[in-house]
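Engineer: Below is the structure I would like to discuss, written out as structure tokens.
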Amino acid sequence: MSLENLKSRLLKEALRASSSSSQQWRKQAKQNQLVTQISSILLQRRNWVSLLRALLNLTSSNLTPPLFNQILRRTQSNPELSLSFFHWVRSDLNLRPDVRAHCKLVLVAVQSDLDHQARQILTSLRELESDPARVVGCLIGACGGRDCEDKVLSFVVGWYALEGLSAEALRAFREIRVYGCLPDVRACSALLGALVREEEMKPAWGVYGALVRHGVAPDKLTWVAIGQILGKDGSFGRLERLLNLGVCNSVMFNLVVNGLCEKSELRAAFKVFDEMSDKGIQPGFSSYASVLDGACKCKDEEMVDPVMAAMVKKRLLSGSLSKSFEYDEVIQKLADLGKSYAAEMLFQRARGGEFKLQGATYGCLLRAMSNEGRVEEAIHVYKKAVVEGVKVKDSAYYAFANALCKCNPTEELSGLLRCLIERGIHPKASELSCFIKLLCGKGRWREAEELLDLIMDEKSLPYLDCCSYLVKHYCRTKQVEAAIALHDRVEKLNGNLDSSSYNTLLDVLSPAGRGDDAEKVFEYMRMKNLLTCDGFAVMIRWLCSRKEMRKAMKYHDEMLKMGLKPDQRRYKQLISGFQ
Numbered sequence: 001m002s003l004e005n006l007k008s009r010l011l012k013e014a015l016r017a018s019s020s021s022s023q024q025w026r027k028q029a030k031q032n033q034l035v036t037q038i039s040s041i042l043l044q045r046r047n048w049v050s051l052l053r054a055l056l057n058l059t060s061s062n063l064t065p066p067l068f069n070q071i072l073r074r075t076q077s078n079p080e081l082s083l084s085f086f087h088w089v090r091s092d093l094n095l096r097p098d099v100r101a102h103c104k105l106v107l108v109a110v111q112s113d114l115d116h117q118a119r120q121i122l123t124s125l126r127e128l129e130s131d132p133a134r135v136v137g138c139l140i141g142a143c144g145g146r147d148c149e150d151k152v153l154s155f156v157v158g159w160y161a162l163e164g165l166s167a168e169a170l171r172a173f174r175e176i177r178v179y180g181c182l183p184d185v186r187a188c189s190a191l192l193g194a195l196v197r198e199e200e201m202k203p204a205w206g207v208y209g210a211l212v213r214h215g216v217a218p219d220k221l222t223w224v225a226i227g228q229i230l231g232k233d234g235s236f237g238r239l240e241r242l243l244n245l246g247v248c249n250s251v252m253f254n255l256v257v258n259g260l261c262e263k264s265e266l267r268a269a270f271k272v273f274d275e276m277s278d279k280g281i282q283p284g285f286s287s288y289a290s291v292l293d294g295a296c297k298c299k300d301e302e303m304v305d306p307v308m309a310a311m312v313k314k315r316l317l318s319g320s321l322s323k324s325f326e327y328d329e330v331i332q333k334l335a336d337l338g339k340s341y342a343a344e345m346l347f348q349r350a351r352g353g354e355f356k357l358q359g360a361t362y363g364c365l366l367r368a369m370s371n372e373g374r375v376e377e378a379i380h381v382y383k384k385a386v387v388e389g390v391k392v393k394d395s396a397y398y399a400f401a402n403a404l405c406k407c408n409p410t411e412e413l414s415g416l417l418r419c420l421i422e423r424g425i426h427p428k429a430s431e432l433s434c435f436i437k438l439l440c441g442k443g444r445w446r447e448a449e450e451l452l453d454l455i456m457d458e459k460s461l462p463y464l465d466c467c468s469y470l471v472k473h474y475c476r477t478k479q480v481e482a483a484i485a486l487h488d489r490v491e492k493l494n495g496n497l498d499s500s501s502y503n504t505l506l507d508v509l510s511p512a513g514r515g516d517d518a519e520k521v522f523e524y525m526r527m528k529n530l531l532t533c534d535g536f537a538v539m540i541r542w543l544c545s546r547k548e549m550r551k552a553m554k555y556h557d558e559m560l561k562m563g564l565k566p567d568q569r570r571y572k573q574l575i576s577g578f579q
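What follows is the structure, given as structure tokens:
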């Protein structure tokens, strides 16, 4: 290259760089001007919405998330304004501010005691960032080491817990501990409550331990959660010691009563009511219901009438129970509390007295029995409702269907499940899959097929393992058409089998002269990221047998590229087909 050409080239590159830099500078200046204009309008005008629309022609293309963050920094001195602008750009401009902006707004809202707004933003933030640990890190960055950290982090842990997201609340709590902080007692109590509801006792004790180590005094909700943990662990002696230490409230006493009733110590439970009265705590309906339920469960008729008499005396129960609606009310209340034995006793009394009960009463009792695993009794109530033409809510039937799936399969249970599915009541996919697997394990293939056909006809798909069981069965018994038909139905519902079942299916299809079907299945495996070494080997051997060497080599190279090369012995056998 001559010197003149080199100079010319360098000059062009310099001009191009200068032009690019100039364009970048102009773009930056324009964006800064837009940020200043929007911020000024927001801070100085009440009718900022109409002005922004009329003067600036804002869209999501010229107001980007980074620019929104700059505007937020300038307007955060007015929290309500910042939050209103956030909601406006989301709804009107369809702009989605980034995680940093969300965290900054959560901080602004919490500091200003705008709790409802903070919860709304956290809901939106969770759609953007599902990892609570990252959310905590971003919030701490937004706080900038100020005193607001404890308040906002406590709010976030409490929000996760109260939303029922116990695993996420716990992850946030642990990340906060990594930063050397501890959520306040209110947030920790909410987290404890969420963990207890999910029966996560070990991490719950860990949270309580952190409170103790930091010398934080438990509040009423903390003690309630600790009482529930002790109750779940069966540590009723320790519960009673807490009561003796003065940790007294109705929830703690109820936990003791429930524990004694579970151990069939009904008379001791009944005496606890005297202790409650001595401490100025009046036993409520649920307390007496626990003892009544225990008496009915143990068939202790000598306890039933005294407990009911005490409930009448305390005006917790109508003395007469002479009308249908009175029976309906108390049976439904007992069933909703999970006291199915007491509810069943009154249900039988009402029917013996020829009272006509509501469909809601049948439904509540059916659901309570199903949730407690009292399947035989639930079947009895279900059959009565069907025979008598009583209308029951679907929610009760769903609980009943799920309970049936948890039982050892019988022809009667399979028949009941078929009836429920035919009327649109589908058990949980996991529960139905377990039931179908049990049928397969017992060699009752016809019943398994009938249930699977019904649920798939409803465009629903159980877990893949029960379909995989059936496909393997069809392959073992040389029912190739049935195996292909089932896989086609699974594919139409966008489901899939497990890798082992696919390999078995490919093994059967190739020797049976169904190579085209094998290729179709193999391509579906590829789409679902289920390709295996064994699957490749089957296809390569089949293609080699048909002398389609080019295609076989293509599969071979793909197999190696994916790191699915078989062991040395099998690999030698495989490549021998290319000779």
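Be aware that the sequence shown starts at 1, since it is given in the UniProt record's numbering, and climbs by one per residue.
All C-beta atoms in this analysis are idealised placements derived from N, C-alpha and C, irrespective of residue type, glycine included.
Since this is a predicted model, take the numbers as computed values, not measurements.
Can you tell me where the alpha helix (DSSP H) holding leucine 292 begins and where it ends?
Structural biologist: 285 to 297
Engineer: Looking only at its chain, what residues have a beta carbon closer than 6 Å to the beta carbon of valine 257, apart from the 5 residues adjacent to it on each side?
Structural biologist: Ala269, Val272, Ser287, Ser290
Engineer: Apply the 10 Å Cβ neighbour rule to methionine 1 and answer buried if 16 or more other Cβ atoms are within range, or exposed otherwise.
Structural biologist: Note that methionine 1 scores 49 on pLDDT, short of 50, meaning its location in the model is unreliable; the coordinates nonetheless yield the value given after this. The residue in question, methionine 1, is exposed, as its Cβ has fewer than 16 Cβ neighbours within 10 Å.
Engineer: Between which residues of its own chain and serine 468 is the CB-CB distance below 8 Å, once the five residues before and five after are set aside?
Structural biologist: Excluding residues within five positions, the ones whose Cβ falls inside 8 Å are Leu497, Asp498, Ser500, Ser501.
Engineer: In terms of residues, what are the limits of the alpha helix (DSSP H) holding methionine 456?
Structural biologist: 445 to 457
Engineer: Just checking my contact of alanine 518 with leucine 574 at CB under 8 Å: how many whole Å lie between their CB atoms?
Structural biologist: So it is not a contact: roughly 16 Å between Cβ atoms.
Engineer: For the alpha helix (DSSP H) that glutamine 117 lies in, which residues bound it at each end?
Structural biologist: 115 to 128
Engineer: For glycine 215, which three-state DSSP category applies?
Structural biologist: coil
Engineer: Based on Cα-Cα distance, which residue from Ala194, Glu301, Cys533 lies nearest to lysine 561?
Structural biologist: Cys533
Engineer: Return the chain-ordered ranges of every alpha helix (DSSP H) run that is complete within the region 355 to 430 and spans a minimum of 4 residues.
Structural biologist: 359 to 371, 375 to 387, 394 to 405, 411 to 422
Engineer: Hey, out of Leu191, Cys181, Gln70, whose CA is closest to glycine 164's CA?
Structural biologist: Leu191
Engineer: Here's a check: name, in chain order, each residue in its chain whose Cβ is nearer than 7 Å to the Cβ of residue 636, leaving out the five neighbours to either side.
Structural biologist: The first residue shown for the chain is 1 and the last is 579, placing residue 636 beyond what the model contains.
Engineer: Nearest-angstrom Cα distance between serine 570 and tyrosine 555?
Structural biologist: Strictly speaking, residue 570 in this sequence is arginine, with serine absent from that position. Cα-Cα distance, rounded: 16 Å.
Engineer: Kindly list the residues whose CB is nearer than 6 Å to the CB of threonine 361, restricted to its own chain and excluding five residues on each side of it in sequence; keep chain order.
Structural biologist: Asp328, Ile331, Gln332
Engineer: Is the Cβ of aspartate 278 closer than 9 Å to any Cβ of chain B?
Structural biologist: This model lacks chain B altogether; it includes just one protein chain.
Engineer: Helix, strand or coil: which one does DSSP assign to aspartate 507?
Structural biologist: helix
Engineer: Report the CB separation of leucine 211 from proline 218 in whole angstroms; it is logged as a contact under 8 Å.
Structural biologist: 7 Å
Engineer: Who are the near neighbours of lysine 339 in its chain, counting only those whose CB is closer than 6 Å to its CB and skipping five residues on each side?
Structural biologist: Ala289, Asp293
Engineer: Could you spell out the range, first to last residue, of the alpha helix (DSSP H) harbouring leucine 72?
Structural biologist: 65 to 75
Engineer: Go through its chain and collect everything with a Cβ distance to tyrosine 397's Cβ below 7 Å, but skip five positions before and after it.
Structural biologist: Leu420, Ile425
Engineer: Using 8 Å for Cβ pairs, my map puts asparagine 69 next to alanine 101. What's the rounded Cβ distance?
Structural biologist: 5 Å
Engineer: Determine, using beta carbons only, whether threonine 504 and valine 480 come nearer to each other than 9 Å.
Structural biologist: no
Engineer: Could you compute how far the alpha carbon of arginine 489 sits from the alpha carbon of phenylalanine 522?
Structural biologist: Distance between the alpha carbons of arginine 489 and phenylalanine 522: 16 Å.
Engineer: Under 9 Å, do aspartate 115 and serine 154 count as touching if we go by C-beta distance?
Structural biologist: no
Engineer: Do glutamate 200 and leucine 170 count as a contact pair if the criterion is CB distance below 9 Å?
Structural biologist: yes
Engineer: Since cysteine 181 and valine 135 are thought to touch, with beta carbons under 8 Å apart, how far apart are those beta carbons, to the nearest angstrom?
Structural biologist: With a Cβ gap of about 14 Å, cysteine 181 and valine 135 do not count as contacting.
Engineer: Output the boundary residues of the alpha helix (DSSP H) element that contains isoleucine 281.
Structural biologist: That residue, isoleucine 281, is in no alpha helix (DSSP H); it is neither H nor E in DSSP.
Engineer: Return the first residue and the last residue of the alpha helix (DSSP H) that glutamine 579 is part of.
Structural biologist: Element bounds for glutamine 579: n/a, residue is neither H nor E.
Engineer: Flag this pair as yes or no: are the beta carbons of leucine 454 and cysteine 466 separated by less than 9 Å?
Structural biologist: no
Engineer: Between Arg197, Gln76, His214, Ser189, which has its C-alpha nearest arginine 177's C-alpha?
Structural biologist: His214
Engineer: Could you tell me the boundaries of the alpha helix (DSSP H) in which glycine 338 lies?
Structural biologist: Neither: glycine 338 is in no alpha helix (DSSP H) and is coded neither H nor E.
Engineer: Please work out which residues of its chain come closer than 7 Å, Cβ to Cβ, to tryptophan 542, disregarding the five sequence neighbours upstream and downstream, and give them in chain order.
Structural biologist: Ser510, Gly515, Ala518
Engineer: From the DSSP output, in three-state form, read off proline 132 for me.
Structural biologist: helix
Engineer: Helix, strand or coil, according to DSSP, for threonine 222 in the structure here?
Structural biologist: helix
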